[in-house]
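Visitor: Just dropping this structure here.
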Amino acid sequence: MSCVEQMKYKLYLERTSFREAREYIEKTSDEVYYVDPGYKIFKDYYIIGVPPIAMGVKGKELVFTYVKPCHGTFVMAIESEEEIERLRAREMEKVKATLTKGGRSQAAAAAPASFQDMWKR
Amino acid sequence: MAENESALLMMGCPEVPVQMSIVLYLSNKLAKSGHDVTVAGTDAALKLLKISDPEEHYVTRTIDIDRCIADIVEKKIDFDHCFAFMHSDAGVTYAATVSAISHAKMHAVIFGKNAEELADTVDFPSEKIVAKAVHNPMPLKNKIDRVVS
Chain F
-14 MSCVEQMKYK
-4 LYLERTSFRE
6 AREYIEKTSD
16 EVYYVDPGYK
26 IFKDYYIIGV
36 PPIAMGVKGK
46 ELVFTYVKPC
56 HGTFVMAIES
66 EEEIERLRAR
76 EMEKVKATLT
86 KGGRSQAAAA
96 APASFQDMWK
106 R
Chain Z
213 MAENESALLM
223 MGCPEVPVQM
233 SIVLYLSNKL
243 AKSGHDVTVA
253 GTDAALKLLK
263 ISDPEEHYVT
273 RTIDIDRCIA
283 DIVEKKIDFD
293 HCFAFMHSDA
303 GVTYAATVSA
313 ISHAKMHAVI
323 FGKNAEELAD
333 TVDFPSEKIV
343 AKAVHNPMPL
353 KNKIDRVVS
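Going line by line, the protein sequences match chains F and Z.
Mapping the first sequence onto our numbering, position 2 (from 1) lands on -13, and the numbers just tick up by one.
Mapping the second sequence onto our numbering, position 44 (from 1) lands on 256, and the numbers just tick up by one.
Structural data, given as structure tokens:
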């Protein structure tokens, strides 16, 4: 059992498909960031998902997908300013790297738009 | 597949009966041909496996599926091949994750009532082994035999 199940969480969607969960986060979050599979949050949860994996910020909540093999995908939210700041800082670093190196191709490399993009890296 | 390569057999939810028999069958087949086999699964799936193979004739190494993902991300382990078993959207999601974080050659073993439809949703690079099999393992076994000689 991951640590996130032992934290105080809220469920926005339960037992849905990963695609629907991603679309829900994209439509309902104040801010949306994209991470690679395996991105670690909290103490020991590595994000499971099909790229691009959306993570949202809604107020003080980090909104993310949580996948269980027998139960499908959940959209879970946990209040964590620390995780939100880490996500924003990571995005800022990606933008800085793009500005430093310049060019449209660098921007594309910073944020994969699809699984195929990521696979090509 | 060359001899002595490592293979991960990643089980999905154990609710579809053919999965366990094919995992045992494939593990045995790979081990006999010189491969180093590890089976990953949920707690329930691993319990089913251990009850089915109490003396570890077919499977000698197991790992919790989420621990396996974590260890691959942390670069503690990796595999030459991954056979990802899936009959649901969650199974596809786990397989896509391993495909992204591991260097393993992916083999998507897709079964269940909606195998063909599910196979269409698999868009990560993989060799697809697809059979509409729920209770009868033979269609899936035959497909496996064509891929793993």
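Glycine residues also receive a C-beta, built at the ideal position from the N, C-alpha and C atoms.
#1: Would you decide whether Z/T250 is buried or exposed? Buried here means 16 or more other CB atoms lie within 10 Å of its CB.
#2: State yes or no: is the C-beta of F/I10 within less than 8 Å of the C-beta of F/P22?
#3: Could you check which residue in Z/D278, Z/H269, Z/P349, Z/E339 has the C-alpha nearest to that of Z/G224?
#4: Have a look at Z/N354, Z/G253, Z/E286, Z/S361 and flag the residue whose alpha-carbon is nearest the alpha-carbon of F/K53.
#5: Count the C-beta pairs between the segment 233 to 247 of chain Z and the segment 275 to 290 of chain Z that are closer than 8 Å, then say yes if the count reaches three, no if not.
#6: Z/H293 and Z/M222 - do their beta-carbons sit closer together than 8 Å?
#7: Under three-state DSSP, which class holds Z/D276?
#8: In whole angstroms, what is the alpha-carbon distance linking Z/N216 and Z/Y270?
#9: Quick check: Z/L330 and Z/V310, are their CB atoms within less than 8 Å of each other?
#10: In chain order, what residues of the same chain have a beta carbon less than 8 Å from the beta carbon of Z/P226, not counting five sequence neighbours either side?
#11: Take F/I26 and list the residues in its own chain whose beta-carbon comes closer than 6 Å to its own, dropping the five residues that flank it on each side.
#12: Note the first and the last residue of the continuous beta strand (DSSP E) segment covering Z/D248.
#13: For chain F, is any of its Cβ atoms less than 8 Å away from the one on Z/E329?
#14: So, is Z/P319 buried or exposed, given that buried needs 16 or more other C-beta atoms within 10 angstroms?
#15: Cα-Cα, which of Z/N326, Z/V334, Z/G324 is closest to Z/A307?
#16: Just checking my contact of Z/I322 with Z/M298 at CB under 8 Å: how many whole Å lie between their CB atoms?
#17: Using DSSP's beta-bridge definition, name the partner residues of Z/F295.
#18: Can you check whether the C-beta of Z/I305 is within less than 8 Å of a C-beta belonging to chain F?
#19: Between the Cα of F/T13 and those of F/Y24, F/G41, F/F59, F/R0, spot the shortest distance and give me the residue it belongs to.
#20: Using 8 Å as the threshold, is the C-beta distance between Z/D301 and F/S2 below it?
#21: For F/S2, go through chain Z and note every residue whose CB falls closer than 7 Å to its CB, in chain order.
#22: Can you give the Cα-Cα distance for F/E66 and F/A74, rounded to whole angstroms?
#23: F/K45: which of F/V60, F/P37, F/L84, F/E16 sits nearest, CA to CA?
Guide: From the atom records:
#1: buried
#2: no
#3: Z/D278
#4: Nearest of Z/N354, Z/G253, Z/E286, Z/S361 to F/K53, Cα basis: Z/G253.
#5: Touching, no, given that fewer than three Cβ pairs across the two stretches are closer than 8 Å.
#6: no
#7: strand
#8: Taking the straight line joining both Cα atoms gives about 17 Å.
#9: no
#10: M232, G253, T254, A256, A257, L260
#11: E68
#12: 248 to 253
#13: No - not a single Cβ of chain F is within 8 Å of the one on Z/E329.
#14: The question names Pro, but residue 319 of chain Z in the sequence shown is His. It is buried - the Cβ of Z/H319 has at least 16 other Cβ atoms within 10 Å.
#15: Z/V334
#16: 6 Å
#17: Z/L221, Z/H319
#18: Checking the sequence shown, residue 305 of chain Z turns out to be Thr, not Ile. Cβ-Cβ to chain F under 8 Å: yes for Z/T305.
#19: F/G41
#20: Contact flag set, yes.
#21: Ordered by position in chain Z, the residues that pass the 7 Å Cβ test against F/S2 are D301.
#22: 12 Å
#23: Comparing Cα positions, the closest option is F/E16.
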